[in-house]
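Following: one structure in structure tokens, then a few remarks.
What follows is the structure, given as structure tokens:
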């Protein structure tokens, strides 16, 4: 189900833990699986679980708990807006509303062209830089007021 490169990444993650604790690599392996596939289908989650010798439901519980995992297809650019209380009080709510208006979609939706998916996220650990957004689970963007949001969306086009 996974490319040889992804399986090599799985093996490197598993090697970080004692032999009887390979399940500890579930988060990293799910991330690598999502990186290859673009999102985590039930089949992909089950394949990761089998690789790690754990029950598929246990891997699904992890994948469904954390918002960095996508259980349905997402756009080329997944923008996650922190709406936790510190960010919300410092402009996160308004930033989310602004992105919704600019893209014409709501949280949990993808633009018709498949380019953008907008998600609501929990604390990203950068409250002093609020409002904060993360693009594709990798790039944290701070102080995301309308001008910065416009720049980000333009760069993604």
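Residue numbers (our numbering): 184 to 340. The beta-carbon is built from N, C-alpha and C at its ideal position, and this holds for glycine as well. As the structure is a computational prediction, the values presented were derived from the model and not from experiment.
Pairwise C-alpha distance: residue 204 and residue 251: 23 Å
Residue 304 - containing beta strand (DSSP E), residue span: 299–304
On the DSSP letters alone, give me the boundaries of the beta strand (DSSP E) that residue 189 sits inside. Element bounds for residue 189: not the beta strand (DSSP E) but the alpha helix (DSSP H), 187–197.
Helix, strand or coil for residue 264, going by three-state DSSP, please let me know. strand
With distance defined between alpha-carbon atoms, name the residue in 293, 261, 235 nearest to residue 322. 261
Between the stretch 260–279 and the stretch 232–244, can you find at least three pairs of beta-carbon atoms closer than 8 Å? no
Just tell me which of 208, 338, 254 has its CA closest to the CA of residue 234. 208
Going by DSSP, what residues sit across from residue 292 in a beta bridge? 301
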